[in-house]
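These protein sequence lines are chains A and B, in that order. First residue of the first sequence? That's 10 in our numbering, and the numbers climb one at a time after it. First residue of the second sequence? That's 1177 in our numbering, and the numbers climb one at a time after it. A virtual CB, placed ideally from N, CA and C, is assigned to each residue, including glycine. Note that this is a predicted model, so its numbers are computed, not measured.
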Amino acid sequence: MLSLISATDKAPVMIKWAILKDCTVKVNGSTNINKFSCSIPDYLRSDTLTCSRTGNDVPVALTGRLALPVISFDCGNNMMTNDLRKTLKAKEFPSLNIYFISLDKYPELTNTQESITGIVNIELAGVSKKIEINYRISMDEQKIIHLVGTQTIRFSDFALVPPRKLGGMIRADDKLDVVFRVNFKRISDS
Amino acid sequence: MKKIFLSGLTAGIILFIVSYGGLFIAIQYFPSFFVDYNNPLFNSNGSRDTLFYSHAFIFSFALSWFWERFKSLFKGHFILRGLEFGLVYGIIALVPVMWITFSSLDITVTMVLSWFVYGLCQAAIAGIVFSRMNP
């Protein structure tokens, strides 16, 4: 559940938000022979987030998470897909969790995209790492809020070894560009 | 025994340079050919790199022993003897191994054919070295 206490000092308003099911996560990476793009096309859980801000304090605190099934990653090629799942230890750690922690400011929420930053905790393969995320956020006419988070992470940040084949002659870059698109909707005020 | 060892070692060094050098160059110039190696069938954590790179020597010493046992069957110029030796190895060892490999693993025809040609070339080069050093 995402709830918000408004930015004003005197009249805090709590707004609750529900994550909609049409969210996606994409990771883009490369090896010394090709590039790959793998995504979780549909986020099927009905999670909620809580966003709270007291007075003019910044940053805005967020709580809630996206729990993404690693097994759902699809690279458009069975071999690549299976390889990524193996690299991310999908059998041992089936979920990629993104815990929302904060935003650097409360967004304007207009139909113009606004760039803000925030902190999330990414839990992957049993390792958690706090990471700053660049967000673009906007709200459409249907009052649906679109949040696009992007950041570059490294396999090594999560104690993962970038895949290497044939004695290291084929090797994946340690860097992965992560893009997640989360859509949510205001569900109540308090 | 000394001849088996020395010719095996020499062939191993030559194959090491030719095989891995060739593989390195092929990956640089024909990267798309190797995309299918991004497959969990292939070891990806580097734990077997030593085994991978010692293959040229394992292969050469095994073939050197084989050559010593059957070299009398190969007649003619040393290059011809080496090529025939490589072809024999290809037919009796590579074809059946590639056959079972393709039938049981999720790999492509191109991949299996490339391994066959790669092994055939290795065996032919080793054969030429053996017929020269241990006629």
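Runs of alpha helix (DSSP H) wholly within the region 1222 to 1247 of chain B (minimum 4 residues, chain order): 1225 to 1246
Within the same chain, show all residues whose beta-carbon is closer than 7 Å to that of E1260(B), passing over the 5 residues directly before and after it, in chain order. F1250
Can you tell me whether N1245(B) is buried or exposed? The criterion is at least 16 other CB atoms within 10 Å of its CB, across all chains shown. Checking the displayed sequence, the identity of residue 1245(B) turns out to be Arg instead of Asn. The residue is exposed, with fewer than 16 neighbouring Cβ atoms inside 10 Å.
Helix, strand or coil at V170(A) [DSSP, three-state]: coil
Please identify, using Cβ separations under 7 Å, the residues of the region 1201 to 1235 of chain B that lie next to chain A, in order along the chain. I1203, P1207, F1210, V1211, D1212, Y1213, N1214, N1215, P1216, F1218, S1220, N1221, G1222, D1225, F1228, Y1229
Select from F167(A), A181(A), E150(A), D92(A) the residue whose C-alpha is nearest the C-alpha of R195(A). E150(A)
Which first and last residues belong to the alpha helix (DSSP H) in which A99(A) is found? From DSSP, A99(A) is part of no alpha helix (DSSP H); its letter is neither H nor E.
Taking S48(A) as part of the alpha helix (DSSP H), name the residues at either end of that continuous run. Note, S48(A): premise wrong, no alpha helix (DSSP H); beta strand (DSSP E) at 44 to 49.
Candidates L1289(B), C1297(B), W1241(B): closest to K1178(B) by CA position: W1241(B)
Quick check: the region 1291 to 1307 of chain B against the region 1179 to 1195 of chain B, are there 3 or more CB pairs under 8 Å? yes
Three-state class that DSSP yields for T1286(B) in the structure shown: helix
K152(A) by DSSP, collapsed to three states: which one? coil
From this set, N1310(B), S1279(B), V1211(B), I1301(B), which residue's C-alpha is nearest M178(A)'s C-alpha? V1211(B)
Tell me whether D56(A) sits in a helix, a strand or coil according to DSSP, three-state version. coil
Interface partners of V170(A) on chain B, CB under 8 Å: S1220, N1221, G1222
From what residue to what residue does the alpha helix (DSSP H) around Y1205(B) run? 1197 to 1205
Using the beta-carbon count (16 or more within 10 Å), is S1183(B) buried or exposed? buried
Kindly give me the distance between the Cβ atoms of Q122(A) and I146(A), rounded to whole angstroms, as I take these residues to be in contact under 8 Å. 7 Å
Classification of G1262(B) by the beta-carbon crowding that lies within 10 angstroms, buried from 16 upward: buried
If you compare alpha carbons, which of N1310(B), G1222(B), I1193(B), V1271(B) is closest to P172(A)? G1222(B)
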